[in-house]
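To start, the structure under review is shown below, and the notes come after it.
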Amino acid sequence: MRTHGNVQKHETSNPLQRRLIAAFHRQVVAEVRRAAPTCVLEVGCGEGYVLAELQRAGVDADLIGVDFSAPAIAAARGRLSAPAELHVGDARDVTSSFSGRRPDLVMMLEVLEHLEEPEAMLDDLSVLTTRHVLLSVPREPLFRGMNLLRLKNVRGLGNDPEHINHWTSRSFVKTVSRRFDIVTMVRPFPWTLVLARVR
16 MRTHGNVQKH ETSNPLQRRL IAAFHRQVVA EVRRAAPTCV LEVGCGEGYV
66 LAELQRAGVD ADLIGVDFSA PAIAAARGRL SAPAELHVGD ARDVTSSFSG
116 RRPDLVMMLE VLEHLEEPEA MLDDLSVLTT RHVLLSVPRE PLFRGMNLLR
166 LKNVRGLGND PEHINHWTSR SFVKTVSRRF DIVTMVRPFP WTLVLARVR
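The sequence shown maps to residues 16 to 214 in the numbering used here.
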């Protein structure tokens with residue numbers, strides 16, 4: 016379900032939405048450069064849109080993507096060029112396949128809002144990375160308000176039925192800071208994007 020929505024979001028013909036996604040990608044690239052990683056792991060990479068943006072931007076790091084969806088990883092393989100490394104499964108289970116490398120930046124973008132236990136996932140991410148995490152979630156209540164304005168998910172008052180967690184920028188920073196030290200928090204409209212360091 017999340018993967019299908021991810022394709023719709025990135026492949027939309029809506030010019031405003033395309034501009035918002037492009038601005039989000041530019042901010043992600045800027046934060047990745049700020050972290051200056053040698054190895055980036057994206058957990059929940061879907062069809063590889065963000066990893067492809069990192070490649071296009073010339074980010075000088077090994078790129079690894081993991082997703083539960085085999086069709087999404089197949090699409091990512093078609094989108095990315097070598098030497099990106101892509102795996103189907105749970106990042107906690109496939110890290111032994113990363114050629115002995117441990118990522119110094121782990122990204123989880125637009126995933127935490129879908130998870131039943133996001134705090135437990137943050138604990139897992141703190142073990143997967145040696146230095147930084149880069150995390151994003153929809154910025155509430157702005158995100159739902161935008162949906163209502165375009166008459167999307169009206170019955171749910173603008174809430175995406177797949178989103179089971181909702182954070183303002185402040186509450187998301189508070190959640191992340193329980194496990195990590197915040198480096199930056201930026202708000203590419205309509206998301207919250209946080210770069211943080213492992214304690």
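We put the CB at the ideal spot given by N, CA and C, even for glycine.
Rounded to the nearest whole angstrom, the CA to CA distance from residue 38 to residue 109 is 31 Å. Taken in chain order, the unbroken stretches of beta strand (DSSP E) that lie wholly in the region 53-121 and span 3 residues or more are 54-58, 77-82, 100-103. Cβ contact annotation for residue 181 (same chain, cutoff 6 Å, sequence separation greater than five): 155, in chain order. In this structure, residue 119 lies near residue 54, with their beta-carbon atoms less than 8 Å apart. In chain order, 154, 200, 202, 207 place their CB closer than 8 Å to the CB of residue 184, counting only its own chain and leaving out the 5 sequence neighbours on each side. Across the structure, residue 150 and residue 22 are spaced so that their CA atoms are roughly 19 Å apart. At least 8 Å separates the beta-carbon of residue 126 from that of residue 104.
Here residue 205 is near residue 157, since their CB atoms are less than 8 Å apart. Residue 148 places its beta carbon 8 Å or farther from that of residue 113. About 5 Å separates the beta carbons of residue 101 and residue 91, which is inside the 8 Å limit, making them a contact pair.
Going by C-alpha positions, residue 72 is about 18 Å away from residue 33. Residue 28 carries a coil assignment under DSSP once its states are collapsed to helix, strand and coil. Residue 52 and residue 170 have their C-alpha atoms spaced approximately 43 Å apart. In the three-state DSSP reduction, residue 153 falls in the strand class (E or B). When only Cα atoms are considered, residue 36 and residue 64 end up about 10 Å apart. Among the bridge pairs identified by DSSP, residue 211 is matched with 148, 197. Cβ neighbours of residue 152 within its own chain (closer than 6 Å, five residues either side excluded): 127, 128, 182, 187, 207.
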